[in-house]
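Visitor:
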Amino acid sequence: MTTQANFFVALQQAMPPNKKAPAIWADGDLTYSWQDLEEATAMLANLLDDLQLPKGSRIAVQVDKSVEAVMLYLATLRAGHVFLPLNTAYQSGEIGYFLENATPAVVVCSPANFGWVSKLAFKNGVERVFTLSDDRQGTLLERAAAMPRTHQAAVVDADTLAVIIYTSGTTGRSKGAMLSHGNITSNAETLKAYWDWQPNDVLIHALPIFHVHGLFVAIHGAMLNGSPMIWMNKFDPKRAIDHMSKGTVFMGVPTLYTRMLAEPGLTEASTKNMRLFVSGSAPMLAETHADWQAATGHAILERYGMSETVMLTSNPCRPDARYNNQAERRGGTVGFPLPGVTLRVVDDDNQPLPADEIGGIQVKGPNVFLGYWQMPEKTAEEFTSDGFFKTGDVGQQAADGYVSIVGRSKDLIISGGYNVYPKEVEERLDELPGVAESAVIGIPHPDFGEAVVAVLVPTGDPVSENDVRAALADRLARFKQPKTVINVPTLPRNAMGKVQKAELRKRYADTFTS
Numbered sequence: 000m001t002t003q004a005n006f007f008v009a010l011q012q013a014m015p016p017n018k019k020a021p022a023i024w025a026d027g028d029l030t031y032s033w034q035d036l037e038e039a040t041a042m043l044a045n046l047l048d049d050l051q052l053p054k055g056s057r058i059a060v061q062v063d064k065s066v067e068a069v070m071l072y073l074a075t076l077r078a079g080h081v082f083l084p085l086n087t088a089y090q091s092g093e094i095g096y097f098l099e100n101a102t103p104a105v106v107v108c109s110p111a112n113f114g115w116v117s118k119l120a121f122k123n124g125v126e127r128v129f130t131l132s133d134d135r136q137g138t139l140l141e142r143a144a145a146m147p148r149t150h151q152a153a154v155v156d157a158d159t160l161a162v163i164i165y166t167s168g169t170t171g172r173s174k175g176a177m178l179s180h181g182n183i184t185s186n187a188e189t190l191k192a193y194w195d196w197q198p199n200d201v202l203i204h205a206l207p208i209f210h211v212h213g214l215f216v217a218i219h220g221a222m223l224n225g226s227p228m229i230w231m232n233k234f235d236p237k238r239a240i241d242h243m244s245k246g247t248v249f250m251g252v253p254t255l256y257t258r259m260l261a262e263p264g265l266t267e268a269s270t271k272n273m274r275l276f277v278s279g280s281a282p283m284l285a286e287t288h289a290d291w292q293a294a295t296g297h298a299i300l301e302r303y304g305m306s307e308t309v310m311l312t313s314n315p316c317r318p319d320a321r322y323n324n325q326a327e328r329r330g331g332t333v334g335f336p337l338p339g340v341t342l343r344v345v346d347d348d349n350q351p352l353p354a355d356e357i358g359g360i361q362v363k364g365p366n367v368f369l370g371y372w373q374m375p376e377k378t379a380e381e382f383t384s385d386g387f388f389k390t391g392d393v394g395q396q397a398a399d400g401y402v403s404i405v406g407r408s409k410d411l412i413i414s415g416g417y418n419v420y421p422k423e424v425e426e427r428l429d430e431l432p433g434v435a436e437s438a439v440i441g442i443p444h445p446d447f448g449e450a451v452v453a454v455l456v457p458t459g460d461p462v463s464e465n466d467v468r469a470a471l472a473d474r475l476a477r478f479k480q481p482k483t484v485i486n487v488p489t490l491p492r493n494a495m496g497k498v499q500k501a502e503l504r505k506r507y508a509d510t511f512t513s
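Under numbering that gives the first Met the number 0, residue 513 is the last one in the sequence shown; the count climbs by one each step, no gaps.
Below, the structure written as C-alpha cells:
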C-alpha cells in the first residue's frame, strides 16, 4: 500500500493558518500570499493533469528566476511528475543532450529562447513546449489561467522520483542525479532543526533556482518553516544588504559574500537584524570568513553538500550534543555530519582512516540519491558494497568531529559556485581549428573563487581569447568558458604521459591575484 509521501504535501501542511499572510515579497513591490502559492500551484498542477501525461513524466525547465518558476516546481511535485531544472547559461549543444537523455514530456523555456529550444525539443520528440518569463508572461501561465484553483496532490511513496539534477561529467557528458521525495523531505526536515529555524525568520533569497542550494536548501527551509521570503530575481550586493533590515537568514555562495564585503554599507548596524548567514556550493577562503566576521560580527556557517545528496555536513548553528556541545563555526571546515548522515574517510582500499588522515569521503543516509538517470552501471560504480556513496571529494575528519574538504578528485573546478569538469571543456577546445591539445585548470580568482583557464598548444600561430570565446559561445555555458587563454609550446607530462595539471596550477596560480 502506497503511503502519501509527496513533499508538496509536507510544504502545504507547513503553511501558516493565515493564508493571507505574505509568503514572498518579490521584485517590483509584488507580494504573494500563501493562498496565492496554494492556488497558483493548483492551477499549474491541473494544467499538467489536463495534458494527460504518463505518470512520472519529466518536466524540463530552463527559465529566468521568478516566483512563478518556483510555483511550477511545486506544481510538478504536486502533480506527481519529475522536475528537471536546467541552468539558464546552458547553450544549444548542452540542452540538446539533456532533452535527448531525459526524454521530457514538457519543456518550459524563456520566450526569448523559444525559437531554438522548441526546435531542439521537437527534434527529440517533445510535443509540448511552453514559455515563462520573469515578468509573469508566457504561454504556460496563459494556459493555466483557466484551470481550477484546487487540486488533490498525487499520492506517491518516499522512493518516488521527484527531481533530476544534472551534474557535469568527467567524461564530458552530464549525469542526471535522481532525487526522491524521501531524499528531499528528510534533508529539509533535518536542516530545519539543525539550523534552528525560528517562527519569525525571513529568508533573503538571492540564489539561482536551478541547483540544489537555491532550489532545495533555501526554498525548502523557508517554506517548511512557514517563513516568508524576500525574493531577488537577480543578486545585487547593495540591495541584498538593504534587505537585511527586514530579513533574518541569508544563503549564498562565497562570491556573493566577497561582493557584499566590497560595499561600504556592510556593517554591524546593517546586519543587526540577521540571525544566520550560510555559505556553500564552493570553498570559502579563511580570509573571507574572517573579514565577514570583522565587518558584521557574524560568523558565516559553512556547509557541504552535493547534487547527489543534498546537504551532508554543516558547521553548528547551536551547540551539538553529539560533539561535546561544540558550537564553533570553524572557518575552513564544513562542520559535522548532519544527523542521520554517516560519513567516513577511507583509503584507496575503502578502509576507514584514523582522525586527521586525508582520504576519500564516502557517505550514507536517507538523503543520498537513487542513482544516475539511465546509467545503472555508473550508479553501481559509485557505491561501495556496503552502501556508501563515493563523493569523489578528498578530505579529513578531525578528532573533534569537524570535517574539512582538502581537495577534489578528477580536477573538478568550482567557479562562482558552479561545477566545471575540465574534460567537458577540453573536448570542445580540442575541436577548434589551430588547437593541437588543451589542458583546462582552475586557479584562484578573487571574485569567483576559482577561474577556468585554458592552456593550449597551438598548431601554428597563438590562439586568441576572442577566437576561443566566439567558438564556445553557443556550445558551453558562460561559467564553463575560460576566463583566459594561455598558449604554450608543450604541456608538462609525467613518465606515463599524463598531463601534470598540478604543475600547471602552480605555474599560473598568480594569474588573477598578483
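The beta-carbon is built from N, C-alpha and C at its ideal position, and this holds for glycine as well.
#1: Assuming I163 is part of the beta strand (DSSP E), what are its boundary residues?
#2: Which residue's Cα is closest to the Cα of E307: L10, L160 and V66?
#3: Express the C-alpha separation of P421 and L490 in angstroms, rounding to a whole number.
#4: If I follow the unbroken beta strand (DSSP E) through V277, where does it start and stop?
#5: Applying the 10 Å Cβ sphere with the 16-neighbour rule, what's the burial state of F6?
#6: For the beta strand (DSSP E) that contains Q197, what are its first and last residues?
#7: Applying the 10 Å Cβ sphere with the 16-neighbour rule, what's the burial state of D387?
#8: How should N224 be labelled, buried or exposed, when 16 other C-beta atoms within 10 angstroms of its C-beta is the threshold for buried?
#9: Can you tell me where the beta strand (DSSP E) holding L36 begins and where it ends?
#10: I'd like to confirm the pairing. Which residues does DSSP put opposite F129 in its beta bridges?
#11: Considering just the uninterrupted stretch of the beta strand (DSSP E) at F82, what are its terminal residues?
#12: Under a Cβ-count criterion, where at least 16 other Cβ atoms within 10 Å of its own Cβ denotes burial, should G334 be classed as buried or exposed?
#13: Can you tell me which of L10, E262, Q61 and L471 puts its alpha carbon nearest to the alpha carbon of W33?
#14: Within a Cβ cutoff of 8 Å, which residues of the same chain sit near A157, ignoring the five residues on either side of it in sequence?
#15: When you compare each of K18, V162, V62 and T130 to M222 by their alpha carbons, which one comes out closest?
#16: In whole angstroms, what is the alpha-carbon distance linking Y193 and L337?
#17: Across which residues does DSSP place K389 in a beta bridge pair?
#18: Between which two residues does the alpha helix (DSSP H) carrying P375 extend?
#19: Using 8 Å as the cut-off, can you tell me whether the segment 95 to 104 makes contact with the segment 20 to 38, which would need three or more C-beta pairs spanning the two stretches below that distance?
#20: Can you tell me which residues form a DSSP beta bridge with K174?
#21: Could you give the C-beta distance for G433 and G459, rounded to a whole number, given that I count them as a contact under 8 Å?
#22: Near R514, which residues of its chain fall below 6 Å by C-beta distance, leaving aside the five closest residues on each side in sequence?
#23: List the endpoints of the continuous beta strand (DSSP E) containing N100.
#24: According to DSSP, simplified to helix, strand and coil, what is F511?
#25: As a quick exercise: from F447, N199, P481 and V467, pick the residue whose alpha carbon is nearest that of S226.
#26: Could you compute how far the alpha carbon of T170 sits from the alpha carbon of L265?
#27: Taking just the CA atoms, how far does M42 sit from L85?
#28: Reducing DSSP to helix, strand and coil, say where I299 ends up.
#29: From W196 to G220, what does the alpha carbon distance come to, in whole angstroms?
#30: Who are the near neighbours of G95 in its chain, counting only those whose CB is closer than 6 Å to its CB and skipping five residues on each side?
#31: Please classify D48 as buried or exposed, where buried requires at least 16 neighbouring CB atoms within 10 angstroms.
#32: Give the DSSP bridge partners of E67, in chain order.
#33: V439 to D473, Cα distance in whole Å?
#34: Pop quiz: V81 and S56 are said to be a contact at Cβ under 8 Å. What is the actual Cβ separation, rounded to whole angstroms?
#35: Measuring straight from C-alpha to C-alpha, what distance separates E423 and E141?
#36: So is A453 buried or exposed if we call it buried at 16+ other beta carbons inside 10 Å?
Guide: According to the structure shown:
#1: Run containing I163: L160 to T166, per the beta strand (DSSP E) assignment.
#2: Ranking the options by Cα distance to E307, first place goes to L160.
#3: If you draw a straight line from the Cα of L490 to the Cα of P421, it comes to about 15 Å.
#4: Looking at the DSSP string, the run of the beta strand (DSSP E) that includes V277 is L275 to S278.
#5: The residue is buried, with at least 16 neighbouring Cβ atoms inside 10 Å.
#6: Counted as a single uninterrupted DSSP element, the stretch harbouring Q197 is not any beta strand (DSSP E), since DSSP gives it neither H nor E.
#7: Rather than Asp, the amino acid found at residue 387 in this sequence is Phe. It is buried - the Cβ of F387 has at least 16 other Cβ atoms within 10 Å.
#8: Classification of N224: buried, given that the 10 Å Cβ count is 16 or more.
#9: In the DSSP assignment, L36 falls outside any beta strand (DSSP E) and within the unbroken alpha helix (DSSP H) covering W33 to D49.
#10: Bridge partners of F129 according to DSSP: V107.
#11: Segment V81 to P84, the beta strand (DSSP E) holding F82.
#12: Buried.
#13: Of the candidates L10, E262, Q61 and L471, the one whose C-alpha sits nearest the C-alpha of W33 is L10.
#14: Around A157: T2, A4, S179, H180, G181 and T184.
#15: Per the Cα distances, K18.
#16: In this structure, the CA atom of Y193 is about 8 Å from the CA atom of L337.
#17: K389 pairs with Q361.
#18: Unbroken alpha helix (DSSP H) run through P375: P375 to E380.
#19: Cβ pair count under 8 Å is below three, so no.
#20: In DSSP, K174 forms a bridge with T166.
#21: Yes, they are in contact, since the Cβ atoms of G433 and G459 sit about 6 Å apart, within 8 Å.
#22: Outside the shown range of the chain, which is 0 to 513, sits residue 514, and nothing can be said about it.
#23: Per DSSP, N100 lies in no beta strand (DSSP E) segment; the continuous alpha helix (DSSP H) that holds it begins and ends at S91 to A101.
#24: Here F511 sits in coil by DSSP.
#25: Ranked by how close their Cα comes to the Cα of S226, the residues F447, N199, P481 and V467 have N199 in first place.
#26: With a pLDDT of only 47 at T170, under 50, the local geometry of the prediction cannot be trusted, and the value read off the model is given with reservation. Straight-line Cα distance between these residues: approximately 42 Å.
#27: A straight line joining the alpha-carbon of L85 with that of M42 spans about 23 Å.
#28: Of the three classes helix, strand and coil, the one that applies to I299 here is coil, per DSSP.
#29: Answer to the nearest angstrom: the Cα atoms are 8 Å apart.
#30: The answer, listed in chain order, is L119.
#31: D48 should be labelled buried.
#32: Beta bridge pairing from DSSP links E67 with no other residue.
#33: Distance between the alpha carbons of V439 and D473: 19 Å.
#34: With 8 Å as the limit, V81 and S56 qualify as a contact, their Cβ atoms being about 7 Å apart.
#35: Approximately 38 Å between the Cα atoms of the pair.
#36: Around the C-beta of A453, 16 or more other C-beta atoms lie within 10 Å, and the residue is accordingly described as buried.
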